[in-house]
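So the protein lines, in turn, are chains A and B.
Take 1 as the starting number for the first sequence in my numbering and just add one per residue.
Take 192 as the starting number for the second sequence in my numbering and just add one per residue.
Note that CB positions come from ideal geometry on N, CA and C, so glycine has one too.
Bear in mind that the values here come from a model prediction, so they are computed numbers and not experimental data.
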Amino acid sequence: MPGPCLIRDYLGELSAQLPAGIVAELASGLDETCGHYLGQGLDPDAATRAAIAEFGDPQVVVEAFTRTSPARQAARRLLATGPVAGLCWGAALVGGRAWTWSVPVTARVLFGAALITVAGLLAAAAVGRRYRAVSRAGTAGCVGIAALDAAMLAAVTFAAPVVAWPLILAAGASAARISFTAWALRPVLVS
Amino acid sequence: MRAEQLKGHLDTLLLAALEDGPRHGYAVMEALRRATGGRLDLPTGTIYPALRRLETAGLIKGSWSVVGGRQRRDYRLTAAGARALSGKRADWRDFAAMMSAALERRPCPDPA
Chain A
1 MPGPCLIRDY
11 LGELSAQLPA
21 GIVAELASGL
31 DETCGHYLGQ
41 GLDPDAATRA
51 AIAEFGDPQV
61 VVEAFTRTSP
71 ARQAARRLLA
81 TGPVAGLCWG
91 AALVGGRAWT
101 WSVPVTARVL
111 FGAALITVAG
121 LLAAAAVGRR
131 YRAVSRAGTA
141 GCVGIAALDA
151 AMLAAVTFAA
161 PVVAWPLILA
171 AGASAARISF
181 TAWALRPVLV
191 S
Chain B
192 MRAEQLKGHL
202 DTLLLAALED
212 GPRHGYAVME
222 ALRRATGGRL
232 DLPTGTIYPA
242 LRRLETAGLI
252 KGSWSVVGGR
262 QRRDYRLTAA
272 GARALSGKRA
282 DWRDFAAMMS
292 AALERRPCPD
302 PA
């Protein structure tokens, strides 16, 4: 198979799984690597084969990008800190007798379902092996957790009869998590 | 040397490879090969995710340029990256001195 076809197939395999910006950089690197082997006196086909062999199996390259994906890093941090935020809210809601607040049952059920969905999305982003799926799940999970935190802040603002210190602590944890999510999402959206 | 043996040290090597000035991904790999006498054996394609990760961490900065009609992305060390490299280099010297003392029964130098 001639060199250009090999390169097209190699980049095609990467394009199917990685964003265009990353593939453009890899294409440029592959071009440089080919140039290096051509400079060593190899014919174009041999130079292409050597460059592709040096670059590594496309799946290995994709998995390396997936492991370092900003979406995966953000999801893992949110999952790691989730129990702390959960404990803060648990203490605040039990202490504030949240079951007596005027929040409709439907809203409580929807919140619970959304929380489980968001945790599932973050878990998928944390362990997934496909870059695009990890990016999508991580982004959705980050946006979801920020929305849930905002919903909790709104709920305590309008429904809590008394604002005690555990509630302030939990609200602080949610506000910090919203800020972290906004910061973490920037590279996810850029990549 | 394989990627798994480099665990935790690849970032330091990449920062060191950019210490002398901006380089694109392949040039970084070449610099590492030269510096290690060809003993570093990583798939070149796996250097790029590590460079992106360092960029996200603010330790290096990438920018596109056109050289000889070819588009390429060059990376340079940021001030934070230079500080991180300096710290990692000091940590490595301490670690290497400690391991040499333990494995080769050399006297361990006092920490600076």
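State yes or no: is the C-beta of L153 (chain A) within less than 7 Å of the C-beta of S174 (chain A)?
yes
Have a look at A:H36, A:R49, A:A27 and flag the residue whose alpha-carbon is nearest the alpha-carbon of E221 (chain B).
For E221 (chain B), the closest of A:H36, A:R49, A:A27 by C-alpha to C-alpha distance is A:H36.
Give me the Cβ distance between E25 (chain A) and Y239 (chain B), rounded to the nearest whole Å; I'm assuming they're in contact under 8 Å.
6 Å
Would you say A71 (chain A) and V188 (chain A) are within 7 Å of each other, going by their C-beta atoms?
yes
What residue from A:I168, A:T68, A:R177 has the CA that sits closest to A91 (chain A)'s CA?
Comparing Cα positions, the closest option is A:I168.
So who's on the other strand from W255 (chain B), going by DSSP bridges?
The partner list for W255 (chain B) (beta bridge, DSSP) reads B:R264.
Would T48 (chain A) pass as a contact of L14 (chain A) if the rule is Cβ separation under 7 Å?
Contact flag unset, no.
What do you reckon, are the CB atoms on P234 (chain B) and V60 (chain A) nearer than 7 Å?
A contact, by the Cβ cut-off of 7 Å.
Range of the contiguous alpha helix (DSSP H) that encloses W283 (chain B):
270 to 295
Collapsed DSSP secondary structure at R76 (chain A) in the structure displayed
helix
Taking 8 Å as the threshold, find out whether the segment 128 to 136 of chain A comes into contact with the segment 107 to 114 of chain A through three or more Cβ pairs.
no
Answer with buried or exposed for C142 (chain A), where buried requires no fewer than 16 other C-beta atoms within 10 angstroms of its C-beta.
buried
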